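Q: The numbering of the sequence shown is the UniProt record's numbering, which starts it at 1 and goes up by one. Quick reminder that beta carbons are idealized off the backbone N, C-alpha and C, glycines included. Just so you know, these numbers come straight off a predicted model, no measurement behind them. First the structure, which I've put down as structure tokens, then a few questions once you've had a look.
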Amino acid sequence: MGCDGGTIPKRDELVKKKQKPEEKDKQADTAAKWNYCALSCQQLRKPIVSCPLGRLYNKDAIIQYLLDKETKSEVVEHIRGLKDVKELILTDKPGYEEKVVEGGLYSSDSRYICPVTGLEMNGKYKFCYLQTCGCVLSDRGMREVKSETCHKCGKPFSEDDVVVLNGSDEEVKLARAKMEEKRLKEKSEKKGKKRKIVEEDDCKKFSLEKSIANGQSSGAGTTSIKSKGESSKVTKSSTMLSEKAKEDYSISKDETASEAYKSLFTTHPSAKNRVKAHWVTFNPLYNY
Numbered sequence: 001m002g003c004d005g006g007t008i009p010k011r012d013e014l015v016k017k018k019q020k021p022e023e024k025d026k027q028a029d030t031a032a033k034w035n036y037c038a039l040s041c042q043q044l045r046k047p048i049v050s051c052p053l054g055r056l057y058n059k060d061a062i063i064q065y066l067l068d069k070e071t072k073s074e075v076v077e078h079i080r081g082l083k084d085v086k087e088l089i090l091t092d093k094p095g096y097e098e099k100v101v102e103g104g105l106y107s108s109d110s111r112y113i114c115p116v117t118g119l120e121m122n123g124k125y126k127f128c129y130l131q132t133c134g135c136v137l138s139d140r141g142m143r144e145v146k147s148e149t150c151h152k153c154g155k156p157f158s159e160d161d162v163v164v165l166n167g168s169d170e171e172v173k174l175a176r177a178k179m180e181e182k183r184l185k186e187k188s189e190k191k192g193k194k195r196k197i198v199e200e201d202d203c204k205k206f207s208l209e210k211s212i213a214n215g216q217s218s219g220a221g222t223t224s225i226k227s228k229g230e231s232s233k234v235t236k237s238s239t240m241l242s243e244k245a246k247e248d249y250s251i252s253k254d255e256t257a258s259e260a261y262k263s264l265f266t267t268h269p270s271a272k273n274r275v276k277a278h279w280v281t282f283n284p285l286y287n288y
């Protein structure tokens, strides 16, 4: 029953057990989140930006992603433009010197600190930023020194403006729901503004059309009255002129008519000097 050499196998050696899922190296995971860009996986360098979910990016990488429409990434699918990210205002650690770290080791020394408590931003402590100004503060500093204004720049903010940097899975879910709710609210406000603008334009058009219609009707009445008066005046003056013209007109005075044409009428001098017989013995053919 044994194997070669007289060895007897145990049950644990023959029965296959379920393999445990590989666990992430927590130290490596935190170092990657706080020191490297979530999109390009390059080391973070200023200007550094963050999204409503609290991830850290290099601003250059976000700009390249937005310009190159063909590339798609699940990490930044919620970013539609530069308006969806906020540039962070970080506090440099005084006397910081970058050290060369050997392979497999991770340094907890951070370039940035909290301006209130002096805690290092290396993943050991909870940090957040304000969407109003972009200042980065530690959660402990905000809890210890409660205020409605930023401790660094003095700008006012509310609880809805606080975003946790590199939060847990639950914090990311809450941040995503908050982001979607905010976007829906902005869409509804935009639609309401558009409706108001359209209604105002319609009211203006209606009032203009009404005023134009009223002006045309009143203008038509006045013009009709004026036209009637003017037409009566014109007809009267034209009749007076025609009557005067008839009375004063004579073919003998017309310069355009020829003498031969004028001699046909009784107003011509030759007709006036013509001899006429008595009306009883008058023969019209006698004169010709």
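Mapping DSSP to helix, strand and coil, what is residue 254?
A: In the structure shown, residue 254 sits in coil (DSSP, three-state: anything other than H, G, I, E or B).
Q: Which same chain residues end up closer than 6 Å to residue 183 when comparing Cβ atoms and leaving out the 5 residues on each side of it in sequence?
A: Same-chain partners within the cutoff: there are none.
Q: Which term fits residue 38, buried or exposed, when burial requires 16 or more other beta carbons within 10 angstroms of its beta carbon?
A: Buried, by the Cβ-count rule.
Q: Would you check if the segment 56-69 and the segment 80-91 touch, i.e. whether three or more CB-CB distances between them fall below 8 Å?
A: With a cut-off of 8 Å, the segment 56-69 and the segment 80-91 count as touching, because enough Cβ pairs lie within range.
Q: Straight-line CA distance for residue 63 to residue 213?
A: Approximately 55 Å, taken between the alpha carbons.
Q: Under 7 Å Cβ to Cβ from residue 40, same chain only, skipping five residues before and after it: list those, please.
A: Only 58, 61 meet the Cβ criterion.
Q: Identify which residue in 262, 176, 200 has its Cα closest to the Cα of residue 51.
A: Checked all of 262, 176, 200; the closest Cα to residue 51 is 176.
Q: Apply the 10 Å Cβ neighbour rule to residue 53 and answer buried if 16 or more other Cβ atoms are within range, or exposed otherwise.
A: Label assigned to residue 53: buried.
Q: Rounded to the nearest angstrom, how far is the Cβ of residue 137 from that of residue 115, given a contact under 8 Å?
A: The pair is a contact, with the Cβ atoms about 7 Å apart (cut-off 8 Å).
Q: Give the range of the alpha helix (DSSP H) segment to which residue 14 is assigned.
A: Per DSSP, residue 14 belongs to the alpha helix (DSSP H) from 11-14.
Q: When burial is assigned at 16 or more other CB atoms within 10 Å of the CB, is residue 96 buried or exposed?
A: Exposed, because fewer than 16 other Cβ atoms sit within 10 Å of the Cβ of residue 96.
Q: Kindly say whether residue 76, judged by its beta-carbon, lies nearer than 7 Å to any beta-carbon of chain C.
A: Included in the structure is just one protein chain, with no chain C present.
Q: In whole angstroms, what separates the C-alpha of residue 181 from that of residue 166?
A: Roughly 21 Å separates the two Cα atoms.
Q: Please list, in chain order, all residues of the same chain as residue 145 whose beta carbon is under 7 Å from its beta carbon, the five residues on each side excluded.
A: Excluding positions up to five away in sequence, the list reads 116, 151.
Q: Assign residue 156 to one of three DSSP states: helix, strand, or coil.
A: The answer is strand: DSSP assigns residue 156 an E or B state.
Q: For the beta strand (DSSP E) containing residue 57, list its first residue and its last residue.
A: It spans 56-58 - the beta strand (DSSP E) in which residue 57 sits, taken as one unbroken run.
Q: Have a look at 69, 164, 122 and flag the residue whose alpha-carbon is nearest the alpha-carbon of residue 130.
A: Selected option, being the one with the closest Cα: 164.
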